[in-house]
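Trainee:
Residue numbers (this note's numbering): 1 to 584.
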C-alpha cells in the first residue's frame with residue numbers, strides 16, 4: 001500500500017502546475033449565447049417567463065496533502081469545475097425568492113441531470129458542451145422557480161400582505177469587471193517533506209491517541225454573467241496549514257488542540273522549523289491538559305478573552321449577527337426566529353460599549369504586516385467591494401448586505417460572497433485611549449472585579465476550539481472514537497485561573513455556553529495591542545438554503561476583551577472509556 005501511495009505522490013508532485021492565464025473567451029461566449037436564448041425563449045405553458053437569470057462557471061485547481069505520524073496519508077492535485085444557475089420569475093418588486101418551501105427540496109433533484117447549483121461539469125469544456133449543461137441547469141432551475149412563484153402567490157392570496165419590500169434591487173448601472181491574478185507556484189514536493197517532519201513529532205507522544213497534519217492551496221476562477229449585463233471574471237486563492245491532535249484523560253474526557261496558519265500566498269506560510277515547533281507545542285499542550293484538573297464547579301464572573309480566544313469568541317458569538325437577513329415567508333407564515341438575525345431591528349441601537357468600533361474591510365489585504373485572507377475586489381453580484389463601518393461608538397450603523405433589501409437595509413454594500421451575505425476582514429478598535437490597558441493592567445482590572453464580587457479567582461481564556469476545525473479536520477481524525485463537543489458551546493482549549501495574590505493555575509475540561517450577544521455590551525476594557533485571527537468562517541446563511549460555500553476565508557483583528565460577567569461550565573457528558581493501548 002505504501003508503494004502505491006509513493007508512486008501516486010510522485011505523479012502528483014511532478015504534475016503540479018496552474019493553467020490559469022487570461023480568461024477563456026469561449027466560456028464567456030457560450031454563457032452569453034445560452035443566456036440570451038433562455039431569456040428570449042424560456043417559457044412553459046402558462047408559467048411566468050423569467051425576468052432575471054444569472055450564470056456562473058467556476059473552475060478549481062486544488063492541491064492538498066495530509067499525513068500522520070511521519071507518513072503521508074493522502075495527496076491530491078485536481079482540476080474540477082461546476083456551474084450554478086439562478087432564475088427569478090415575476091419582477092423586482094415581487095418574485096419567487098424570500099420564500100421557502102421544504103417540499104420542493106434544494107436546488108433540483110439529486111439526479112445530476114436536474115441539478116442547477118454546483119452542477120459538476122468538465123474542466124476546459126467545449127462551447128457546445130457548456131451550452132448544453134447551462135441549458136439543462138436553466139431548465140431545471142426555471143421549473144422549480146416557476147413552481148415556487150405560483151405557491152408564493154397562492155399563499156399570499158389568502159393573507160394580508162404586510163411585507164411590501166421589493167424582493168430584489170435593480171442595479172442602476174452595470175459593469176464588466178476583471179480581477180485576474182498571477183497564481184503563485186505551490187511546491188507539493190516541499191510540503192511532502194514538511195508534513196512528514198511535522199507529523200512525526202507526535203511519534204514521541206504515546207499518550208496522544210490521534211493526530212493529523214495537512215496543507216491545502218486552492219486557486220479558483222469564477223466567470224459570471226447575468227441578464228442585466230453584469231459580467232466579471234475573478235480569481236482568488238488561499239493557503240492553509242493545519243495541525244490537529246486529540247486524546248482522553250483517565251476519566252474519558254476528550255482533550256484537543258490545534259494549530260492553524262492561513263495566508264494568501266504559499267510563500268507566506270511559516271517555515272518548516274516554525275511548524276515543527278508548533279506541532280511540539282500542540283503535543284505539549286495536550287500532554288499538560290491530560291493531568292490538569294477541571295474547575296470544581298461552573299464559574300460565573302469576570303473573564304478575559306485573550307488573543308486567539310478573543311478572536312474565536314467574537315467570531316462565533318457576535319460577528320454572524322452583523323449580516324443582513326430577509327425573513328423568508330413559508331407555508332405557515334414567516335419562518336421561526338434565527339438567532340443570527342437578532343440585529344435586524346437593532347440598527348441605530350447600542351450593541352457594544354461606546355469605546356468600540358467595528359469595520360469590515362474587504363479592500364485591505366494586510367494589516368500590521370499580517371495577511372487578511374478575507375480580501376476581495378468583486379462580490380458575487382458583480383459589485384466592487386466596499387469597506388463598511390458597522391459599529392461606531394458602540395452603536396450599530398448598518399449591516400452587511402447584498403441585493404436583497406430588508407426593512408432597515410435597502411441597498412447592497414457589496415458583501416455577497418460564497419453564495420450569500422458574508423463578512424470578510426472584521427476590525428474591532430478601541431477609540432478610547434484611556435481604556436486601552438497593557439496585559440498586566442488588564443489582569444489587575446480583572447482582579448478588581450474578582451475582589452468586589454468576593455470570588456476566589458478570575459479567569460483568562462487564551463484558546464478556543466475553532467468551529468471549522470471541529471467539524472472538518474478534528475472530526476476526520478477522531479473517526480467517531482472520541483466525542484466532539486457539538487452545538488453552540490465553545491470548547492476551552494487553554495486558560496488559567498488568576499488568584500487575588502497573582503498566582504496563576506491552568507485548568508482543563510471547560511466549555512463556554514452560548515454567549516448571549518447582550519453580554520458584549522458589557523465589555524469593560526480591552527488590551528492596547530491587537531491580534532489577527534485568520535480562519536475559515538462557517539457561512540452565516542446555510543449553504544443548504546443558498547447553494548453556496550460552507551466555509552469562507554475571513555479574518556478578525558481585535559484586542560483582548562475583559563467581560564465583567566461571563567460563564568464557564570464543566571464538561572459533564574458521559575464519555576467513552578479511553579483505549580487500553582497508546583498510539584505506538
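Ideal Cβ placement from N, Cα and C applies to all residues, glycine included.
In this text, all values refer to a predicted model and were calculated from it rather than measured experimentally.
Sorted by chain position, which residues of the same chain lie with C-beta nearer than 6 Å to residue 125's C-beta, five sequence neighbours on each side aside?
Mentor: Taking the first residue of the chain shown as 1, we reach residue 125 at position 125. Excluding sequence neighbours, residue 125 sits near nothing in its chain.
Trainee: Let me confirm a value: residue 85 is counted as buried when at least 16 other C-beta atoms fall within 10 Å, else exposed. Which label applies?
Mentor: As a first step, residue 85 must be located in the chain shown, where it is residue number 85. Answer is buried; the Cβ neighbour count reaches 16.
Trainee: Counting only runs of 4+ residues fully inside the segment 230-314, write out the alpha helix (DSSP H) ranges in chain order.
Mentor: The qualifying runs are 272-289.
Trainee: Please confirm whether residue 356 and residue 425 have their CB atoms less than 8 Å apart.
Mentor: For the purposes of this step, residue 356 is taken as residue 356 along the chain shown, with counting starting at 1. For the purposes of this step, residue 425 is taken as residue 425 along the chain shown, with counting starting at 1. No, Cβ-Cβ distance for residue 356 and residue 425 is not below 8 Å.
Trainee: By the 10 Å Cβ neighbour count, where 16 or more other Cβ atoms means buried, how is residue 40 classified, buried or exposed?
Mentor: By 1-based counting over the chain shown, the position of residue 40 is 40. Flag for residue 40 reads exposed.
Trainee: Going by beta carbon distance, what residues of the same chain come within less than 6 Å of residue 429, once the five residues before and after it are set aside?
Mentor: Along the chain shown, read from residue 1 onward, the residue named residue 429 stands at position 429. Excluding sequence neighbours, residue 429 sits near 357.
Trainee: Quick check on residue 82: does DSSP put it in helix, strand or coil?
Mentor: The sequence position of residue 82 within the chain shown is 82, counting from 1. Three-state result, residue 82: strand.
Trainee: Counting Cβ pairs, one atom from each stretch, are 3 or more of them under 8 Å apart for the segment 46-59 and the segment 178-187?
Mentor: Cβ pair count under 8 Å is below three, so no.
Trainee: Considering only the beta carbon of each residue, do residue 374 and residue 555 sit closer than 8 Å?
Mentor: Your numbering for residue 374 matches position 374 in the chain shown. Your numbering for residue 555 matches position 555 in the chain shown. Against a cut-off of 8 Å, the Cβ pair of residue 555 and residue 374 comes out as a contact.
Trainee: Along the chain, which unbroken stretches of the beta strand (DSSP E) at least 3 residues long are found entirely within the segment 407-483?
Mentor: Those beta strand (DSSP E) runs which fall completely within the segment 407-483 and span 3+ residues are 425-430 and 457-464.
Trainee: Going by alpha carbons, who is nearest to residue 296 out of 409, 513 and 507?
Mentor: Position 296 of the chain shown, counted from the start, is the residue given in the question as residue 296. Cα-wise, what sits closest to residue 296 is 507.
Trainee: Measuring alpha carbon to alpha carbon, tell me which residue in 53, 168 and 312 is nearest residue 535.
Mentor: Here residue 535 refers to the residue found at position 535 of the chain shown. The option with the nearest alpha carbon to residue 535 is 312.
Trainee: Along the chain, which unbroken stretches of the alpha helix (DSSP H) at least 4 residues long are found entirely within the segment 160-202?
Mentor: List check, alpha helix (DSSP H) in window: 188-199.
Trainee: What are the start and end residues of the alpha helix (DSSP H) that includes residue 143?
Mentor: Reading the chain shown from its first residue, position 143 is the one you call residue 143. Counting along the chain, the alpha helix (DSSP H) containing residue 143 begins and ends at 127-157.
Trainee: So residue 224 and residue 232 are supposed to be a Cβ contact under 8 Å. How far apart are they, rounded?
Mentor: Translated into the one-based positions of the chain shown, residue 224 becomes position 224. Translated into the one-based positions of the chain shown, residue 232 becomes position 232. At roughly 5 Å, the Cβ-Cβ gap stays under 8 Å, so residue 224 and residue 232 are in contact.
Trainee: Starting from residue 355, follow its DSSP beta bridges and name the residues at the other end.
Mentor: Sequence index remark: in the chain shown, residue 355 carries index 355 (1-based). The partner list for residue 355 (beta bridge, DSSP) is empty, contrary to what the question assumes.
Trainee: At what residue ranges does the segment 34-71 contain a whole run of the alpha helix (DSSP H), taking only runs of 4 or more?
Mentor: Correct list: empty.
Trainee: Have a look at residue 31 and residue 559 and give me their C-alpha separation to the nearest angstrom.
Mentor: Numbered from 1 along the chain shown, position 31 holds the residue referred to as residue 31. Numbered from 1 along the chain shown, position 559 holds the residue referred to as residue 559. Computed Cα separation, rounded: 47 Å.
Trainee: Less than 8 Å between the beta carbons of residue 283 and residue 217, yes or no?
Mentor: The count along the chain shown starts at 1 and reaches residue 283 at position 283. The count along the chain shown starts at 1 and reaches residue 217 at position 217. Going by C-beta atoms, residue 283 is not nearer than 8 Å to residue 217.
Trainee: Hey, residue 199 and residue 213: beta-carbon distance below 8 Å or not?
Mentor: On the chain shown, position 199 is the one that residue 199 refers to. On the chain shown, position 213 is the one that residue 213 refers to. Going by C-beta atoms, residue 199 is nearer than 8 Å to residue 213.
Trainee: Just mark residue 25 as buried or exposed, buried being the case when its beta carbon has 16 or more other beta carbons within 10 Å.
Mentor: Taking the first residue of the chain shown as 1, we reach residue 25 at position 25. It counts as exposed.
Trainee: Give me the residue from 60, 564 and 459 with the minimum Cα distance to residue 294.
Mentor: Mapped onto the chain shown, residue 294 falls at position 294. Considering only alpha carbons, the answer is 459.
Trainee: State the CB to CB distance for the pair residue 488 and residue 514, rounded to an integer number of angstroms; the pair is presumed to be in contact (CB under 8 Å).
Mentor: The sequence position of residue 488 within the chain shown is 488, counting from 1. The sequence position of residue 514 within the chain shown is 514, counting from 1. With 8 Å as the limit, residue 488 and residue 514 qualify as a contact, their Cβ atoms being about 4 Å apart.
Trainee: Within 8 Å, do at least three Cβ pairs link the segment 261-276 to the segment 491-505?
Mentor: As far as the Cβ criterion goes, the segment 491-505 does not touch the segment 261-276, which means the pair count is below three.
Trainee: If I'm right that residue 540 touches residue 323 with Cβ under 8 Å, what's the distance once you round it to whole angstroms?
Mentor: Numbered from its first residue, the chain shown carries residue 540 at position 540. Numbered from its first residue, the chain shown carries residue 323 at position 323. Going by Cβ atoms, the distance from residue 540 to residue 323 rounds to 5 Å, so yes, they are a contact pair.
Trainee: Thinking residue 351 and residue 520 are a contact (beta carbons under 8 Å), I'd like their distance in whole angstroms, please.
Mentor: As a working mapping, residue 351 is identified with position 351 in the chain shown. As a working mapping, residue 520 is identified with position 520 in the chain shown. Their Cβ separation, rounded to whole angstroms, is 7 Å, which keeps residue 351 and residue 520 in contact under 8 Å.
Trainee: List the endpoints of the continuous alpha helix (DSSP H) containing residue 526.
Mentor: Within the chain shown, residue 526 is the residue found at index 526, counting from 1. No alpha helix (DSSP H) contains residue 526, which is instead part of the beta strand (DSSP E) from 523-538.
Trainee: So, helix, strand or coil for residue 207, using DSSP?
Mentor: The residue labelled residue 207 in the question sits at position 207 within the chain shown. In this structure, residue 207 counts as coil in the three-state DSSP scheme.
Trainee: My assumption, with CB atoms under 8 Å, is that residue 388 sits in contact with residue 413. Please give the rounded CB distance.
Mentor: Position 388 of the chain shown, counting from 1, holds the residue named residue 388. Position 413 of the chain shown, counting from 1, holds the residue named residue 413. Rounded, the Cβ-Cβ distance is 5 Å, consistent with contact.
Trainee: Check the C-beta distance from residue 316 over to residue 490 and give it rounded, since I have them as a contact under 8 Å.
Mentor: One-based indexing of the chain shown puts residue 316 at position 316. One-based indexing of the chain shown puts residue 490 at position 490. Right, the Cβ-Cβ distance comes to about 6 Å (below 8 Å), so this counts as a contact.
Trainee: Is residue 544 helix, strand or coil when you go by DSSP?
Mentor: Locating residue 544 in the chain shown gives position 544, counting from the first residue. Here residue 544 sits in helix by DSSP.
Trainee: Could you tell me how far apart the beta carbons of residue 308 and residue 561 are, in whole angstroms, since I believe they sit closer than 8 Å?
Mentor: Position 308 of the chain shown holds residue 308. Position 561 of the chain shown holds residue 561. Not a contact, Cβ separation roughly 12 Å.
Trainee: Residue 55 to residue 83, Cα distance in whole Å?
Mentor: As a working mapping, residue 55 is identified with position 55 in the chain shown. As a working mapping, residue 83 is identified with position 83 in the chain shown. One C-alpha to the other measures close to 7 Å.
Trainee: Determine the extent of the beta strand (DSSP E) in which residue 553 is found, giving its start and end residues.
Mentor: Here residue 553 is taken as the residue at index 553 of the chain shown, counted from 1. Per DSSP, residue 553 belongs to the beta strand (DSSP E) from 551-570.
Trainee: Cutting at 8 Å between CB atoms, please list the residues of its own chain near residue 267, excluding the five before and the five after it.
Mentor: Here the question's residue 267 lines up with position 267 in the chain shown. These residues qualify, in order along the chain: 184.
Trainee: Is it buried or exposed, residue 29, if we count other Cβ atoms within 10 angstroms and call 16 or more buried?
Mentor: Here the question's residue 29 lines up with position 29 in the chain shown. It is exposed - the Cβ of residue 29 has fewer than 16 other Cβ atoms within 10 Å.
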